[in-house]
Amino acid sequence: MRLTSLFYFYRRRLRRSAVQELLAGVGIAIGVALVLAVQVANSSITAASSAIVRGIAGTATLQVRSRDSNGFNEALLIQVHHLPGVARAAPILEQDATLVGIKGRSVAVDLASSAPALLRLDGDIVRNISVHDLTAPGVMLPTATAAALGISPAVFQQSEGAAPRVTLDIHGYARSVPVLAVLGPESIGALSSAMAAISPLWWEQKITGRASIDTRILVKSKPGQQALVLGELNRLAGGRLNVGPADQDVSLLKQAVIPNAEATGFFALVSAIVGFLLAFSAMLLTVPERRRMIADLRIQGVGRLQLVKMLMFQAVCLGVMASVVGVGAGIVLSRTIFHTTPGYLASAFPLGAQTVVGVVPVLIAFGGGVLATCIAACPPLLDLRRSAVDAVYTEEGEPGQALDRHEQLRLFAYGVLLMAATNGLLIFWRSGVIVATIGLAIGTLLAIPLAFRAALWLAERTAALTPRLNMLTVAVRTLRRSTVRSLALAATGAIAVFGCVIAEDSHQDLLHGLYGDYSEYVSTSNLWVVNNHDDLATISFPSSHLQTQIARVPGVAEVRPYQGGFLDFDGRRVWVLARSPKAHGMIPTAQVEEGSTFDPETHLREGGWITVSQQVAEAHHVIPGDTLTLPTPSGPVAYRVAATTTNLGWTSGAIILNSSDYSKAWGTSDTSALEIDTRPGANLATVKHSVHAALGSQDALKVQTSNERATQANALARQGLSRTNQISLLLIVAAALAMAAAMGAGIWQRRAALASLRIQSYTPWQLRTILAYESTIVLGTGAVGGALAGVYGHLLSDRFLRLTTGFPAPFAWGGAQTIRTILIILLAALLALAGLGYAASNVAPELALEP
Amino acid sequence: MLELEDVVKHYSGPGGEKIRAVDGVTLTLGAGEIVALQGPSGSGKSTLLMLVAALMALDAGRIYFEGTDLASLSSRATTSYQREQIGFVYQSFHLMPGVPAVENAAIKLLADRVSLRAARRAAVPWLERVGLGGRLDHAPDQLSGGERQRVAIARALVSEPRLILADEPTGNLDTKRSAEILSLLAGICAERQASMLLVTHDPQAASIADRVYVLRDGKLAVAVPDSEPVLTPDHVLG
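So the sequences go chain by chain: A and B.
In short: position in the first sequence from 1, add 136, done, that's our numbering.
In short: position in the second sequence from 1, add 488, done, that's our numbering.
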């Protein structure tokens, strides 16, 4: 068949069935858009961060890094300079701080400083920074940070007037500092979108009380001498500092975003399955017509191969058009709705906010869309196996609509077998959840015909009860005569509900898991004293004097130190939580995975024991009772594992130990929070106020009740999971629209039949009743089938989130939540249908008279 | 029984121009009488049937059934008129595929809150009357074209209407089947003293009609055999 003939047939099809083609295209485009948007959003986090890290490091390939925020003496820089093979070295001091700008707007920043030596490393980001910039006292702000603080770059274009000032909160102390410049992308590239502040090293050391302290040294080796330099740096570090590639933060961030990417990726996959199956269902609507066309052309002598070519050509045309739209929509989504980066990561990594659209994600999404369309277009080709070319015309009911009882039973059996096989895999393959979910989705689709038959049987029995339900009788007969069309519509409903129940319920489980974890974690005391914006309590401040002061406050029963931070441990940046042995609870008990027999609480209080996240334990092949050596700032220290836990909401994993062990190994008594118990009967608000007054010069610290802290953590969790929330919301909207469109197309196709009923004296109201019954039966069957499968899919999804990503995601069947999701989809679909149904019920009767 | 007085129905054409589909038609139809309407496609024949069935509003004129102006009927009364007095037969059958003949014939009764069982019982004699007593449970795809039209006729008659409106009932049938269907319709009208307004291209229709008219450009004229219709007031009945 010539290309012009293929185009001719496709043009003819588009003219005749534009609505169905559009509907199928929308389904495919939705799937492509969601998959692409999530891929781009996930990869953009690391791509933007990579641009920042590499842009600063420039030609440096190695680094020496402190294992905690206390840093090391800058004398080390001179030693590094004198190592053989070292060409250049530049010091950096990085600290977490909060800046407070105009009208009290505050933002957590990475306060980074360096010396002019950094400029000689020739990094992209520092290329436009002058020696003067790295010596003048004050901070320079990237445009994103300045905007968050309410500082306009225009301020610096005025020749006169003092530089604006911001308040720098660090280690509990607040200082007013001048802003020297606001730097845009033309000056500092990707760093302009980060929450950061740049300052000269000497000035930051002075103003933050970190005299002679650095946290990192970037090292450029002479050509061919990198291995030598690496060895020398390791010798110099003596097991107390981390030595590695200059862009190590990027690989640590990549590791940190894997669980998050996997979680959102799983949600995107569910969306893609739904998108594909919606498209498949939409294509099913066209099956009868395509089958009749195949029969007509075969009668005219067109060969099988030519027909395959023609159908595949049409599928490729549709797939390409829909995928192009999907790619465009995906890019828009990734630049708008999915643009935000998970805020919790900002406490540990230099994050940018650029959206980077790579070629690979586009190709994957585009190719997947075209392939899915081709697969969805295949069912009519099954007729080519038949020797009777006009078999479609001899079937019962409307030509091409037949699906007899045996076929329905066979499909059901295939569905059950497929679900059993793919879910059976889980016994041997713990991570086979994705395969099981796909099997479940397809199995659900295959089970729909029999479920639909059962629904019609039930409706018929109900209708027989009273003549008042005669319109139900008519609706049942209408649905029965157009089996494939009805099944396509029911399948659309089932898949829509299936996907939405999984996405929405799993999202809620994640939120409940994270909130439950954090609520339990902070509930061990009545009040907390922490740095502003320090959600995870990882930024330290001196507190020995403060503890004494607070202990004297009336109503305070006890003040306990809490220490914490991040530790780079074998390719992961883990969260370290160190609690006082006197704390009421050392571990959030609901987060313990294994080790309850070891009485982890008691062991942790004794000292020498830790708990680790399951994925950290698995990476190091340890179980409770084994020994695990941590690379602490004082050198390697061996601890025994008392229990394994979830990741406590931190994607790279967490380690809990007692504060005595922490102080010893980290060599510091600085705390990152203070836990305060109030006396029985004391007024919490009054005590809180008094504690704040007792902070003295460290009034940049914040006093929070455990409830306030839990609420803040909940907000952080919601922000971190905003993408999964956005995906599930988009899925609900897409599903409702797809269902309304599918039902609408089905109703519109039947206007002649409705006109015929009008002539048979059926009133428009009766036609509306028939349409409502039809929609309810179709959508109801789909919704119930989809919900049942969705509840099981939700269980699988939680298993995936717990085992693969390590998130706390306890399964809870949200009955009300599931019903709410179904109702939203059904109501949205019915609302969207109402107008079309109304128009169709008022069809002009003369339509039935057209031959 | 049925009187049409200067009935007018306009449509808007694609260019916004006014098309007079039915243009001042006056006609009467007595009990048991069969009137055939002929005319080229688009001449307004089907529109006239829709107007008589009260499925379309008039732009001008009056239609009386048993002395009652159809325009004065309430919505409920109009439905009742359509349900009890009118039986409609049309060219493309519009039977529900996959549904047995007896249920297809009974479909109109379901609209009137008759139970399915009672509706089926009521439809059986009519199917027997049209010669399909042995095919009650056959679905349309198991019936020939002529048999399907018989089911459609049974469906139109099941409510025992006094006026049958037939729009090209033989349009999809061969000569032999057409003759059978026309003869059947004529026989039923005679039996039940029902009137019939028959729109057809079929020259055989004249054989069963008491009068034959031609509708051209919305205007009605008496058909003169083997000659052009003559549009004179003398020829217009009513």
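Idealized CB from N, CA, C, for every residue including glycine.
These figures come from a predicted structure and were not determined experimentally.
Looking only at C-alpha atoms, which of the options sits nearest to residue i?
i                 : options                                   : result
Leu962 of chain A : A:Thr917, A:Leu582, A:Pro300 and A:Leu784 : A:Thr917
Gly345 of chain A : A:Tyr309, A:Ala755 and A:Val658           : A:Tyr309
Phe474 of chain A : A:Gly325, A:Ala244, A:Val492 and A:Gly701 : A:Val492
Trp901 of chain A : B:Ala599, B:Phe576 and B:Val510           : B:Ala599
Asn606 of chain A : B:Gly634, B:Glu679, B:Ala606 and B:Met538 : B:Ala606
Trp665 of chain A : A:Ile895, A:Thr472 and A:Leu682           : The displayed chain sequence assigns Val, not Trp, to residue 665 of chain A. Closest by alpha carbon: A:Leu682.
Arg427 of chain A : A:Ile675, A:Val620 and A:Leu316           : A:Val620
Ala593 of chain B : B:Val612, B:Pro528 and B:Ala667           : B:Val612
Gly325 of chain A : A:Val365, A:Ile192, A:Leu443 and A:Glu210 : A:Ile192
Ser323 of chain A : A:Leu518, A:His720, A:Thr822 and A:Gly259 : A:Gly259
Leu229 of chain A : A:Gly320, A:Asn209 and A:Thr197           : A:Asn209
Asp540 of chain A : B:Gly575, B:Ser534, B:Ile574 and B:Gly586 : B:Gly586
Identify every residue that forms a DSSP beta bridge with residue i.
i                 : result
Glu664 of chain A : Inspection of the sequence shows that residue 664 of chain A is occupied by Trp rather than by Glu. Note: Trp664 of chain A sits in a beta bridge opposite A:Glu811 and A:Gln840.
Ile652 of chain B : B:Gly575 and B:Met684
Val355 of chain A : A:Leu198 and A:Ala225
Ile334 of chain A : A:Ala248 and A:Met276
Arg550 of chain B : B:Glu493
Lys707 of chain B : B:Arg704
Lys506 of chain B : B:Ser500
Asp511 of chain B : B:Val496
Thr775 of chain A : Looking at the sequence shown, residue 775 of chain A is not Thr but Tyr. Paired residue(s): A:Leu764.
Phe702 of chain A : A:Trp711
Quick one: list the residues of chain B neighbouring residue i, beta-carbon separation under 9 Å, in chain order.
i                 : result
Pro585 of chain A : Within 9 Å Cβ-Cβ: nothing; Pro585 of chain A doesn't reach chain B, min ~15 Å.
Leu594 of chain A : Residues of chain B passing the Cβ test: none, with the nearest at roughly 16 Å.
Asn606 of chain A : Leu597, Leu598, Ala599, Asp600, Arg601, Val602, Ser603, Leu604 and Ala607
Ala889 of chain A : His582 and Met584
Interface residues of chain B around residue i at Cβ under 7 Å?
i                 : result
Ser892 of chain A : His582
Thr609 of chain A : Leu598 and Leu604
Glu543 of chain A : Correct list: empty, because the minimum Cβ distance to chain B is about 15 Å.
Ala600 of chain A : Leu604
Pro981 of chain A : Met538 and Leu543
Gln902 of chain A : Ala599
Pro603 of chain A : Arg601, Val602 and Ser603
Since residue i meets chain A, which of its residues come closer than 7 Å, beta carbon to beta carbon?
i                 : result
Arg571 of chain B : Ser897
Tyr552 of chain B : Within chain A, no residue comes near Tyr552 of chain B; the closest Cβ sits about 20 Å away, beyond 7 Å.
In chain A, which residues lie less than 8 Å from residue i when you measure between Cβ atoms?
i                 : result
Arg655 of chain B : Note that residue 655 of chain B is Asp in the sequence shown here, rather than Arg. Residues of chain A passing the Cβ test: Leu985.
Glu591 of chain B : Arg613
Thr567 of chain B : Ser897 and Thr899
Tyr701 of chain B : Under the 8 Å cutoff, chain A gives no residues; its nearest Cβ is about 19 Å from Tyr701 of chain B.
Give the interface partners of residue i over in chain B, defined as CB-CB distance under 8 Å, in chain order.
i                 : result
Pro424 of chain A : Correct list: empty, because the minimum Cβ distance to chain B is about 11 Å.
How would you list, in chain order, the residues of chain A whose beta-carbon sits under 9 Å from the beta-carbon of residue i?
i                 : result
Thr658 of chain B : Going along chain A, no residue has its Cβ under 9 Å from Thr658 of chain B, so there is no contact; the nearest lies around 12 Å.
Is there contact here, the stretch 959-977 of chain A with the stretch 901-918 of chain A, by at least three beta-carbon pairs under 8 Å? By the criterion of at least three beta-carbon pairs nearer than 8 Å, the stretch 959-977 of chain A is in contact with the stretch 901-918 of chain A.
Taking beta-carbon pairs under 9 Å, can you tell me which members of the stretch 595-609 of chain B lie near chain A? The residues in question are Ile595, Lys596, Leu597, Leu598, Ala599, Asp600, Arg601, Val602, Ser603, Leu604, Arg605, Ala606 and Ala607.
Along the stretch 527-538 of chain B, where does the CB come closer than 9 Å to a CB of chain A? Name the residues. Cβ contacts with chain A: Ser534, Thr535, Leu537 and Met538.
Check whether the stretch 370-389 of chain A touches the stretch 258-278 of chain A, counting contact only when three or more Cβ pairs, one atom from each stretch, lie closer than 8 Å. When Cβ pairs closer than 8 Å are counted between the two stretches, the stretch 370-389 of chain A is seen not to touch the stretch 258-278 of chain A, the count staying below three.
Between the stretch 771-783 of chain A and the stretch 732-750 of chain A, do at least 3 Cβ pairs fall closer than 8 Å? Because the criterion of three Cβ pairs below 8 Å is met, the stretch 771-783 of chain A and the stretch 732-750 of chain A touch.
Do the stretch 669-679 of chain A and the stretch 837-856 of chain A touch if we need at least three Cβ pairs shorter than 8 Å? Contact holds between the stretch 669-679 of chain A and the stretch 837-856 of chain A, because three or more Cβ pairs, one in each stretch, are under 8 Å apart.
Segment contact flag, the stretch 595-603 of chain A with the stretch 643-657 of chain A, C-beta cutoff 8 Å, min 3 pairs: Contact between the stretch 595-603 of chain A and the stretch 643-657 of chain A is absent, because fewer than three Cβ pairs lie under 8 Å.
Examine the Cβ distances between the stretch 337-351 of chain A and the stretch 200-208 of chain A and report whether three or more of them are shorter than 8 Å. Cβ pair count under 8 Å is three or more, so yes.
Relative to chain B, which residues along the stretch 730-753 of chain A have a C-beta separation below 9 Å, given in chain order? Residues: none.
Is it a yes or a no for the stretch 532-548 of chain B touching the stretch 968-985 of chain A, going by three-plus beta-carbon pairs under 8 Å? The stretch 532-548 of chain B, when compared against the stretch 968-985 of chain A, does touch it at the 8 Å Cβ threshold.
I'd like to know if the stretch 509-522 of chain B and the stretch 682-695 of chain B are in contact, where contact means that at least 3 CB-CB pairs between them fall below 8 Å. Segments in contact, yes.
Touching by the beta-carbon criterion (3+ pairs, under 8 Å), the stretch 414-434 of chain A and the stretch 207-224 of chain A: Contact between the stretch 414-434 of chain A and the stretch 207-224 of chain A is absent: fewer than three C-beta pairs spanning the two stretches fall below 8 Å.
Members of the stretch 321-352 of chain A near chain B, C-beta cut-off 9 Å: Residues: none.
Can you list, in chain order, the residues of the stretch 498-522 of chain B whose Cβ is nearer than 8 Å to any Cβ on chain A? For the stretch 498-522 of chain B, no residue has a beta-carbon sitting nearer than 8 Å to a beta-carbon of chain A.
Do the stretch 165-177 of chain A and the stretch 465-472 of chain A make contact, defined as three or more Cβ pairs closer than 8 Å? Yes, since at least three Cβ pairs between the stretch 165-177 of chain A and the stretch 465-472 of chain A fall closer than 8 Å, the two stretches touch.
On the three-pair Cβ rule with 8 Å, is the stretch 798-816 of chain A touching the stretch 756-770 of chain A? With contact defined as three or more Cβ pairs closer than 8 Å, the stretch 798-816 of chain A and the stretch 756-770 of chain A are in contact.
Touching by the beta-carbon criterion (3+ pairs, under 8 Å), the stretch 809-819 of chain A and the stretch 280-292 of chain A: Contact fails: fewer than three Cβ-Cβ distances are below 8 Å.
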